[in-house]
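Numbering (the numbering used here), first residue to last: 241 to 495.
Every residue, glycine too, gets a C-beta built ideally from N, C-alpha and C.
Worksheet for the structure shown next.
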C-alpha cells in the first residue's frame, strides 16, 4: 500500500487546506470528536480556525476535542502547559464548550490511572474521527518516543534528551533543566485507532526524518513510521519537508 501524500508548495497553503478539511468535517458531522496537538506547527492553522469562526460562524458548539498529550508536573495555569496553550491558541476563539475539551492531567497523584481514564474517555466518546499530528525530529509522534511498544495505549512516558532539546529550541523553556522529563501521551495503538489521521510535516528540518518515517520499513524505533499501516492516514507535506522523498514510491497529489 502506497502512502497517500498531499504535497503543497508552502506551509501557508497547508494551513489553508487544513482549515477547509476541519470545516467540512464539522459540517458533515457537527458532533465530531477531533484530535489536536500542540507545538509550533499548528499555531497559524489554529489562528485561521479562529478567524474562520469569527468571520463565517463555523459552529463548534457540539464538538468534542482531545489533545495528544500533556507534560507531567506542569500546572494547568503555567504558560507552557498544553491546556493553557490550547485555550490561548484555539479554544478561547471558538464557541466550543470548554467542558468538551480534554487533555490528560499531568499534575494528578496517580498518573497511570489518569492515563487509563483518558483512554477510556476517548473510547466512551466513540473514538477520534479526525486526528491532527506532527512528526518529531527523532521520529516520535505525540510523545511516543523511539522504542515505544506498538501496542501502547495512553500512558506515562519519559522524554528523551533529543525531544527535550527540541522543546528548548522551540523556546518553550529556557534551559534543559527547566524542561519536563515526562508526559502523559496517547499511545501508538490509540493513534492507530483514530478513524482518520492527518500527519502534517512542514519545513526542511523535518526532511531527513520524513524520508525515514515514510520510506523505511515501519519499526518501533521510528514510531511515526507506523502510520504507513494506517488505512486512512494522509501525509500532508510542503515541498521543503518532502525534498528527500522518492515520490515515485508514493501516491502523491500535488495541491
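Among the options, the one whose alpha carbon lies nearest that of residue i
i	options	result
residue 443	455, 249, 242, 420	249
residue 294	315, 308, 331, 319	331
residue 458	281, 380, 425, 409	380
residue 298	488, 263, 493, 490	263
residue 266	290, 302, 319, 283	302
residue 364	305, 290, 392, 246	305
residue 422	397, 428, 491, 256	397
residue 290	251, 318, 328	328
residue 428	390, 340, 455	390
DSSP-derived helix/strand/coil call for residue i
i	result
residue 475	strand
residue 444	helix
residue 419	coil
residue 372	strand
residue 403	helix
residue 259	helix
residue 494	strand
residue 393	coil
residue 388	coil
residue 408	helix
residue 269	coil
Burial state of residue i, where buried means 16 or more other Cβ atoms lie within 10 Å
i	result
residue 486	exposed
residue 481	buried
residue 420	buried
residue 326	buried
residue 260	exposed
residue 466	buried
residue 446	buried
residue 352	exposed
residue 494	exposed
residue 387	exposed
residue 338	exposed
residue 282	buried
residue 488	exposed
residue 315	exposed
residue 349	exposed
Segments of 3+ residues assigned as beta strand (DSSP E) that fall wholly inside the region 273 to 315: Complete beta strand (DSSP E) runs here, min 3: 273 to 276, 304 to 307, 309 to 311.
At least three beta-carbon pairs within less than 8 Å, the region 341 to 356 to the region 306 to 325: Yes, the region 341 to 356 touches the region 306 to 325.
Counting beta carbon pairs with one atom in the region 403 to 418 and one in the region 438 to 452, are three or more of them shorter than 8 Å? With fewer than three CB-CB distances shorter than 8 Å, the region 438 to 452 does not count as touching the region 403 to 418.
The region 423 to 438 / the region 405 to 414 touching (three or more Cβ pairs under 8 Å): Output reads no: the region 405 to 414 does not touch the region 423 to 438.
Report yes or no: do the region 264 to 274 and the region 368 to 380 share at least 3 C-beta pairs separated by less than 8 Å? Flag = yes, the region 264 to 274 and the region 368 to 380 touch.
Whole alpha helix (DSSP H) elements within the region 319 to 374, 4-residue minimum: Runs found: 322 to 329, 351 to 364.
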